[in-house]
Amino acid sequence: MSAIQQERETIQPSLQTDRSHGGWLASLLLTAVWLALPSIGIAAEGTAAGPTEYRDIPYIGSRNLVWIVAQLHLLLAGFVLGVPIFAWLCEVIAWRGGEKRYDKLAKEFTKLLTSAYATTALFGGILLFLLVAFYPKLMNYLTDVFFPSFLLYCLLFLFETATLYLYWYGWDAMQHGRKKTLHVFLGFLLNFFALFIMIVPNAWATFQSSPVVISEGTAIERAWAATWNPTWWPINIHRLIANVVLGGYICGAYAGVRYLSVKSKEDREHYDWMGYVGNFIGVFGLLALPFAGYWLMREIYQYNQQMGITLMGGFLSWLFIIQAMLIGVLFLGSNYYFWLGITYRIPGSEAKYRKAMLMMLISLLLCLAVWMTPHSLVASIEEAQKMGGAHHPLLGVLGVMSAKMTVSNLMILITFMSFVMYWRAGKEDTAGWAKLGKAVMGAVLVLASLAVIVLGVWGYFVPAIVRINYFSTSQVLIVIFVILTITPLTALLLKSAKTTTEMVWGSMPPRAGYSLVLNAVMVILLMTLMGYARSSSRVHWHVYGVMRDSSPYAYSPALGSASLIMAFCTFFFCILVAFIFWVATMGDKYKAAGGPGKEELPHGIPAMAGGAPDERKKT
Amino acid sequence: MGALGKPIILMIVMYLFLKFVLPIIPGSAPLPSSLIFLYLILTASGIVIYETLSGESKDAFWGPIQRFLTGENIGGLQALRYGVLILFPLLVGWQTYGSTATSDLPPTESRTIHPAPPGEYTGLVNPVPKTPENIMQGKGFYAAFCSPCHGGNFDGKGPAARGYIPAPANFADPTTIAMLQESYLFWRIKKGGVGLPIEGAPWKSAMPRWELELPDEWIWKIIMGEYDGAHQSPRTWE
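Protein sequences appear in the order of chains H and Y.
Residue numbering for the first sequence is 1 to 619, as defined by my numbering.
Residue numbering for the second sequence is 1001 to 1238, as defined by my numbering.
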């Protein structure tokens, strides 16, 4: 009797018994059976006598299923690891500065976190089962290499979970005195464990791209060598920043949606402010993200020329044009939100800053036009004949890294200045040195912009290594210098400034909420896109240069079909997040609607549903 | 139409600039429609962003469009409104048909200029010492074998260049060989157009497979001569 028949005979009686529970249970079981098919050996592949190397699943295919689940897990994990960073920072600001609204905000962020945490773990578990079922040979190899770090990861997960529970459930109980200090310490621990929870699996993933294999030594020595591979730290830094960006923009989108739906003035003010903070956090990370991305690409290129060219010059290079478009929309969306804030939250400021906004917008669009101009253009035969090939003789120079680095740095500078403009709006300088201070800031900004452009143009006339090691680095340092100079100077100026117009929260138009949602969707799309790029750069290798992919899926999907999966992942993740947030806020809405007191609820609202600890305290 | 006039004029001016002015700048060429479309989308996005920054500008910009589309107090423009409402979907349908229907024209290309080299070529180091004699010798080989297409000035304008689409690479352009390592050039010269991998489709390269004619040492010398003659340096990591 075949395994399928056995399975069928086991399942069918169960279905009959459970019919009374309704069709949903039957559907659930059928789905489970369908998911379990690979584990009973459907389409198992291996050598005639040897162990099974691959298993497949009908219709969707094992690779696509793993791709989707891995991407969703990564997106959820990005959110879950990014949010505690700024939730904790908000709590620290409230703790040291005494502003209670930051504590409320931190708590609201953490509520979203607790709801998403379980789902992340769930997808992680599904991913693990699928990997073990579909890729036994690969998983066996990776287990051999990384066994000690698997154990470490389990321990970290236990610590992280325990800390999160204490942090969330202890929020209200640890509000004052030394208990608050302890709570803040718990927040620190939460982030500490979260960081390691991120970097340990990063080692497994980066090992597949840039493996370091040693045949001698103990298990720990081999695992350590494999962990410390060339792209491990570049990915760690890149993902850490990207997680903050993702978390910030998703919290911003959450606030945007809530802002659009709430009725009371108080709620509108709160969610307007929360949207601002979410956008600020997203932008703050976004300013640093291109630097980290550049470092990662540099390391990949240096590690293996073939992989570098596949990504930046080969068939994956078109992804970077799409990437430019998505990042461009993010920059435009974030700046638009700042500008709307100036116009609507600070009445009377629009007239003063409209010209500046126009100049910034034009500059951003020019930069984006350069960033999005491909080196090889999409052209018909006739158009290519007129150009003399796929390169445009005049605009072709915009298609290489020197131009891209220059405009990305300029866009960072413009976005930073947008924020400074927002910060200064509605205030009048009173300090005696204000004129001089502003002149210095203006000079720094102009000179820095010129220096970035000069280095960018000069970059065409020096050897590539000089451009990569010195010019691009100098451009980044110049931008950092501007940020580090203008931020404290502005803060000093504003310390003594007179507020001429009070900030009016809750007055933003609906399109501000929509722009927050758009930013979140863009950053999710961006992560799915670059996830595909990083994974596809291994081409037909499971472990680059070490273990070849010998499954029927040992090919890179065409960009069109890959974009379908990316779009699906983005859509599904948005739906998932919307569901999680809906569940998380169910209790609040019930309370706001004047539902029965907590005393009447039999079991309280679970943490998964964002049940607030203060509600538990009352029971 | 007051507040709408400026954006419409701006879009038209931008289109005319990209279509007719930019191509006549010395050293330029007509832009492909994909690039014109991209720049026009950016312009339109800029207009929408700017015009919706405040309530007043949004109403001034969007109000006439909304009134026109809903037919609210538009008087004699009603016929035009119906025309737009009928023609616009037809235009979209025509565009969709045009982009999917079978055509005798070759498809639009998204050629990968620099496909990844095979693994055995990555990391190769030029074994020939970089001496003035070797560079001179390389330039001599270049003059004999490469310059008919790539030009005596290394600018892709050799006497035979006009016969090829795409044109032979211009080595003096800092966006060509200066971006690549010597091992990459070695692979491309040795294997030629026929040695391009799948991702190099549609394999439009008339580059001969020089491994049939030239020993490896000559190829390495040619590479040195090319970089020196084009005043470029190969990509290195030191």
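Don't be surprised by glycine CBs; every beta carbon is placed ideally from N, CA and C.
Local Cβ density within 10 Å of residue i, reported as buried at 16 or more and exposed below that
{"i": "Gly22 of chain H", "result": "Residue placement at Gly22 of chain H is flagged as unreliable, the pLDDT there being 46, under the threshold of 50; the coordinate-derived value follows with that caveat. Exposed."}
{"i": "Gln1291 of chain Y", "result": "There is simply no residue 1291 of chain Y to check, as chain Y begins at 1001 and stops at 1238 in what is shown."}
{"i": "Gly597 of chain H", "result": "Because the pLDDT of Gly597 of chain H is 49, which lies under 50, any placement of that residue in the model is unreliable, and the number read from its coordinates should be weighed accordingly. Exposed, by the Cβ-count rule."}
{"i": "Lys1139 of chain Y", "result": "buried"}
{"i": "Glu266 of chain H", "result": "exposed"}
{"i": "Ala94 of chain H", "result": "buried"}
{"i": "Ala324 of chain H", "result": "buried"}
{"i": "Cys154 of chain H", "result": "exposed"}
{"i": "Tyr249 of chain H", "result": "buried"}
{"i": "Lys107 of chain H", "result": "buried"}
{"i": "Tyr470 of chain H", "result": "exposed"}
{"i": "Asn409 of chain H", "result": "buried"}
{"i": "Val400 of chain H", "result": "buried"}
{"i": "Gly1093 of chain Y", "result": "exposed"}
{"i": "Val457 of chain H", "result": "exposed"}
{"i": "Lys111 of chain H", "result": "buried"}
{"i": "Asn202 of chain H", "result": "buried"}
{"i": "Asp1173 of chain Y", "result": "buried"}
{"i": "His540 of chain H", "result": "exposed"}
{"i": "Thr1100 of chain Y", "result": "exposed"}
{"i": "Asp1228 of chain Y", "result": "buried"}
{"i": "Ala87 of chain H", "result": "buried"}
{"i": "His1231 of chain Y", "result": "exposed"}
{"i": "Arg1162 of chain Y", "result": "exposed"}
{"i": "Ser349 of chain H", "result": "buried"}
{"i": "Asn1073 of chain Y", "result": "exposed"}
{"i": "Val66 of chain H", "result": "buried"}
{"i": "Arg96 of chain H", "result": "exposed"}
{"i": "His1114 of chain Y", "result": "buried"}
Selection from the options that minimises the alpha carbon distance to residue i
{"i": "Ile1012 of chain Y", "options": "Y:Ser1028, Y:Gly1055 and Y:Thr1043", "result": "Y:Thr1043"}
{"i": "Gly1123 of chain Y", "options": "H:Met527, H:Asn304 and H:Ala77", "result": "H:Asn304"}
{"i": "Gln71 of chain H", "options": "H:Ala584, H:Ala194, H:Ile126 and H:Tyr422", "result": "H:Ile126"}
{"i": "Gly630 of chain H", "options": "H:Lys404, H:His392 and H:Tyr165", "result": "In this structure chain H extends from 1 to 619, so residue 630 of chain H is not present and cannot be described."}
{"i": "Trp1210 of chain Y", "options": "Y:Thr1176, Y:Gln1078, Y:Phe1171 and Y:Phe1141", "result": "Y:Phe1141"}
{"i": "Tyr117 of chain H", "options": "H:Ala77, H:Arg101 and H:Phe134", "result": "H:Ala77"}
{"i": "Leu364 of chain H", "options": "Y:Gly1046, Y:Ile1009, Y:Phe1017 and Y:Ile1222", "result": "Y:Gly1046"}
{"i": "Leu1053 of chain Y", "options": "H:Ser561, H:Ala434, H:Lys355 and H:Ala87", "result": "H:Lys355"}
{"i": "Pro1166 of chain Y", "options": "H:Arg467, H:Trp458 and H:Ser380", "result": "H:Ser380"}
{"i": "Leu450 of chain H", "options": "H:Ser474, H:Lys427, H:Leu436 and H:Trp433", "result": "H:Ser474"}
{"i": "Leu1185 of chain Y", "options": "Y:Glu1199, Y:Ala1116 and Y:His1231", "result": "Y:Ala1116"}
{"i": "Met360 of chain H", "options": "H:Thr343, H:Gln385 and H:Thr415", "result": "H:Thr415"}
{"i": "Met1224 of chain Y", "options": "Y:Gly1193, Y:Ile1177 and Y:Leu1196", "result": "Y:Ile1177"}
{"i": "Tyr1015 of chain Y", "options": "Y:Gly1119, Y:Ile1036, Y:Val1194 and Y:Pro1026", "result": "Y:Ile1036"}
{"i": "Ser376 of chain H", "options": "H:Pro393, H:Glu382, H:Ala369 and H:Cys367", "result": "H:Pro393"}
{"i": "Gly388 of chain H", "options": "Y:Pro1107, Y:Lys1157 and Y:Leu1214", "result": "Y:Lys1157"}
Strand pairing of residue i, partner residues [DSSP]
{"i": "Ala242 of chain H", "result": "According to DSSP, which records beta bridges pairwise, Ala242 of chain H is partnered with nothing at all."}
{"i": "Val543 of chain H", "result": "H:Met547"}
{"i": "Thr499 of chain H", "result": "H:Lys427"}
Chain A within 9 Å of residue i, Cβ atoms only
{"i": "Asn279 of chain H", "result": "No chain A appears in the structure shown, which is made up of the protein chains H and Y."}
>> Ignoring anything shorter than 4 residues, give me the alpha helix (DSSP H) runs that lie fully in the stretch 463–487 of chain H, in order along the chain.
In response: Complete alpha helix (DSSP H) runs here, min 4: none at all.
>> I'd like the ranges of any beta strand (DSSP E) spanning at least 3 consecutive residues and lying wholly in the stretch 273–326 of chain H.
In response: Uninterrupted beta strand (DSSP E) stretches at least 3 residues long and entirely within the stretch 273–326 of chain H do not occur.
>> Using a Cβ distance threshold of 8 Å, determine whether the stretch 244–260 of chain H contacts the stretch 271–283 of chain H, with at least three qualifying pairs required.
In response: These segments touch.
> Counting Cβ pairs, one atom from each stretch, are 3 or more of them under 8 Å apart for the stretch 304–314 of chain H and the stretch 1173–1188 of chain Y?
Replying inline: Contact holds: three or more Cβ-Cβ distances are below 8 Å.
>> Taking 8 Å as the cut-off, does the stretch 185–192 of chain H touch the stretch 124–143 of chain H (at least 3 CB pairs, one atom from each stretch)?
In response: Taking a cut-off of 8 Å on C-beta distances, the stretch 124–143 of chain H does not touch the stretch 185–192 of chain H, as fewer than three cross pairs fall below it.
> Does the stretch 475–492 of chain H come within contact of the stretch 445–456 of chain H, defined as at least 3 CB pairs closer than 8 Å?
Replying inline: With a cut-off of 8 Å on Cβ pairs, the stretch 475–492 of chain H is in contact with the stretch 445–456 of chain H, counting three or more such pairs.
>> Across the stretch 50–57 of chain H and the stretch 224–234 of chain H, are there enough close Cβ pairs to call them in contact, namely three or more that are closer than 8 Å?
In response: Cβ pair count under 8 Å is below three, so no.
> At which residue ranges does the stretch 209–259 of chain H contain complete alpha helix (DSSP H) runs of 4 or more residues, listed in the order of the chain?
Replying inline: Entirely contained in the stretch 209–259 of chain H, the alpha helix (DSSP H) runs reaching 4 residues are, in chain order, 219–227.
> Okay, do the stretch 141–154 of chain H and the stretch 72–91 of chain H touch, 3+ Cβ pairs below 8 Å being the bar?
Replying inline: With fewer than three CB-CB distances shorter than 8 Å, the stretch 141–154 of chain H does not count as touching the stretch 72–91 of chain H.
> Between the stretch 336–343 of chain H and the stretch 1053–1072 of chain Y, do three or more beta carbon pairs fall short of 8 Å?
Replying inline: Two segments are said to touch when three or more pairs of C-beta atoms, one from each, lie closer than 8 Å; by this definition the stretch 336–343 of chain H touches the stretch 1053–1072 of chain Y.
> Where in the stretch 327–382 of chain H do unbroken runs of the alpha helix (DSSP H), each at least 4 residues long, occur, reported from the N-terminal end onward?
Replying inline: As far as the stretch 327–382 of chain H is concerned, its whole alpha helix (DSSP H) runs of at least 4 residues are 349–372.
> Pairing CB atoms from the stretch 258–277 of chain H with CB atoms from the stretch 205–224 of chain H, are three or more of them under 8 Å?
Replying inline: Segments in contact, no.
> Hey, is the stretch 312–324 of chain H in contact with the stretch 498–511 of chain H, meaning 3+ C-beta pairs nearer than 8 Å?
Replying inline: As far as the Cβ criterion goes, the stretch 312–324 of chain H does not touch the stretch 498–511 of chain H, which means the pair count is below three.
> At what residue ranges does the stretch 1117–1181 of chain Y contain a whole run of the alpha helix (DSSP H), taking only runs of 4 or more?
Replying inline: Runs of the alpha helix (DSSP H) lying entirely within the stretch 1117–1181 of chain Y, each at least 4 residues long, are 1132–1141 and 1147–1150 in chain order.
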